[in-house]
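Numbering (the working numbering), first residue to last: 6 to 440.
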């Protein structure tokens, strides 16, 4: 629901704009009233609305709030209506199971009634595109102080930035916590509210990528010899010419052949976007049977694995990545490891904002599959892990991107900045801010 003039004659467009303006004014008035009414609160109830385990990116913020007596937290799992019925139910049940066994103190909620019973003060939403029931979203925005942390690292630009920065959703948020200064600038330029509800904090989803090595379990399949660990992460935009990122349809079988050729030297993790499978089910050249067989190859082959959930440990333990994902364009650069971006069109720069362009320049690029194989061959030709680690010395462009665009936002953890910002609006909580 981007804030564009409605179709029809001038009167219809005027009425549409007036109606939208009135709705947003009412929501902002409710925000001000809620802050006045709750100003003496000594603790805040916070609900995080989750779509799937694999798209859950606020774990560090949840942990920050769980450790702070100023917050009582809960998780609410919402089914994605954009998935096919089977995948939707599987993703919903998987997310419910993940959070019920996660070990947090707060409840896991599954219905709007349970959310209302928890009576939150703050609600975090994680996707602006109404991929769940729109009535559910509108009810939350109408009743609560809603916050949004973007579900991706905000590298793209398309259709005048309306879908990612100026939908009704964005303007109805009490606060948006932007991942970098370019994102904040675009909100100020594009959104109806001119970014007045936006705070640049850095991207909390990437905090675990910068954590010191720990004792996390090995998430890669055990092999009979030392092998290079490469992730292939295809995007879902096979049906979106306005955002031409995906190369899956032209490279899918070539990646299978490549994985087989290098099976003795490389192990692969297939990390598809969560929406790709459902889109392939509907594609005339794929369908359910071919799609399931393809995913089965990656899941069942001894030198491959299928990854559908959290990817932090997968990234940290990998050696390299090949992808055409918008968010991974920035996220994998936190690790300063070899990475290749699959370029689907010559004018890909037209679909990247200034931050995305810098991330793009810090990666290797492939316009043909021969370049993909050359990238893999160059990495695999190293004799043993010690040689590979020497070859993977710090890359000047990757390092420069990190120092310019990431490091300034991580002098303090983004999750801590978000929690502190929220508490700063409640006088009784200002003196007891965690950290």
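Each residue gets a CB set at the ideal place from its N, CA and C atoms; glycine is no exception.
**Message:** Using only the alpha-carbon positions, how far apart do residue 79 and residue 72 sit?
**Reply:** 13 angstroms
**Asked** What is the DSSP secondary structure of residue 237, counted as helix, strand or coil?
**Response** strand
**Prompt:** Hey, which unbroken runs of the alpha helix (DSSP H) at 4 residues or more fall wholly within the stretch 235-318?
**Reply:** 253-266, 281-287 and 292-305
**Message:** In whole angstroms, give me the CA-to-CA distance for residue 161 and residue 411.
**Reply:** 17 angstroms
**Prompt:** Quick one, which of 285, 138 and 173 has its alpha-carbon nearest residue 153's?
**Reply:** 173
**Asked** Cα separation between residue 97 and residue 54?
**Response** 12 angstroms
**Request:** Pick out the complete beta strand (DSSP E) segments inside the stretch 129-193, 3 residues or longer, and give them in chain order.
**Result:** 150-153 and 180-183
**Request:** Using beta-carbon positions only, say whether residue 346 and residue 334 come within less than 8 angstroms of one another.
**Result:** yes
**Message:** Just to check my reading of the structure: residue 264 and residue 309 have Cβ atoms closer than 8 angstroms, yes? What is that Cβ distance to the nearest angstrom?
**Reply:** Sure, about 6 angstroms apart at Cβ, within 8 angstroms.
**Request:** Scan the stretch 195-231 and note each continuous beta strand (DSSP E) run of 3 residues or more that stays entirely inside, going in chain order.
**Result:** 203-205
**Asked** In three-state DSSP terms, what is residue 353?
**Response** For residue 353, the three-state secondary structure derived from DSSP is helix.
**Message:** Taking the alpha-carbon of residue 348 as reference, which of 24, 327, 108 and 191 has the nearest alpha-carbon?
**Reply:** 327
**Request:** Would you mind sorting residue 413 into buried or exposed? The rule is 16 or more other CB atoms within 10 Å of its CB.
**Result:** Classification of residue 413: exposed, given that the 10 Å Cβ count is below 16.
**Asked** From residue 341 to residue 365, what does the alpha carbon distance come to, in whole angstroms?
**Response** 13 angstroms
**Prompt:** In the DSSP assignment, what are the bridge partners of residue 327?
**Reply:** 237 and 345
**Prompt:** So the alpha helix (DSSP H) residue 26 belongs to, where does it begin and stop?
**Reply:** 15-42
**Message:** Pop quiz: residue 76 and residue 56 are said to be a contact at Cβ under 8 angstroms. What is the actual Cβ separation, rounded to whole angstroms?
**Reply:** Incorrect: roughly 22 angstroms between the Cβ atoms, too far for contact.
**Request:** Would you mind listing the alpha helix (DSSP H) stretches within the stretch 85-121 that are 4+ residues and don't spill past its ends, in chain order?
**Result:** 90-105
**Item:** Whether residue 415 touches residue 367 by CB criterion (8 angstroms)
**Value:** In this structure, residue 367 does not lie closer than 8 angstroms to residue 415 by Cβ.
**Asked** Which term fits residue 110, buried or exposed, when burial requires 16 or more other beta carbons within 10 angstroms of its beta carbon?
**Response** With a threshold of 16 other beta carbon atoms within 10 Å, residue 110 falls short and is exposed.
**Item:** Contact belief for residue 147 with residue 86 at Cβ below 8 angstroms, rounded distance in angstroms
**Value:** The Cβ separation is near 20 angstroms, so there is no contact.
**Message:** By the DSSP assignment, the beta strand (DSSP E) with residue 78 in it spans what residues?
**Reply:** 76-82
**Message:** Which same chain residues end up closer than 7 angstroms to residue 259 when comparing Cβ atoms and leaving out the 5 residues on each side of it in sequence?
**Reply:** 374
**Prompt:** What does DSSP give as the partner residues of residue 54 in its beta bridges?
**Reply:** Paired residues: 81.
**Asked** Taking the alpha helix (DSSP H) that residue 370 falls in, what are its first and last residues?
**Response** Looking at the DSSP string, residue 370 is not in any alpha helix (DSSP H); the run it does join, the beta strand (DSSP E), is 369-371.
**Asked** Does DSSP put residue 435 in a helix, in a strand, or in coil?
**Response** helix
**Asked** Would you say residue 279 and residue 131 are within 8 angstroms of each other, going by their C-beta atoms?
**Response** no
**Message:** Using C-beta distances below 6 angstroms, list every residue in its chain close to residue 114, excluding the 5 sequence neighbours before and after it, in chain order.
**Reply:** 79, 81 and 120
**Prompt:** So the alpha helix (DSSP H) residue 419 belongs to, where does it begin and stop?
**Reply:** Per DSSP, residue 419 is one residue of the alpha helix (DSSP H) stretching across 419-428.
**Asked** Just curious, the alpha helix (DSSP H) that residue 359 is in, first and last residue?
**Response** 359-366
**Message:** Rounded to the nearest angstrom, what separates residue 179 and residue 47 at their Cα positions?
**Reply:** 20 angstroms
**Item:** One or two residues paired with residue 49 in a DSSP bridge
**Value:** 76
**Request:** Could you tell me which residues DSSP pairs with residue 127 in its beta bridges?
**Result:** 51 and 150
**Asked** Could you give the C-beta distance for residue 207 and residue 200, rounded to a whole number, given that I count them as a contact under 8 angstroms?
**Response** The beta-carbon distance between residue 207 and residue 200, rounded to whole angstroms, is 16 angstroms. This is too long to meet the 8 angstroms contact definition.
**Request:** Give the secondary structure of residue 334 by DSSP, where H, G and I count as helix, E and B as strand, and everything else as coil.
**Result:** helix
**Candidates 234, 423 and 197: closest to residue 25 by CA position** = 197
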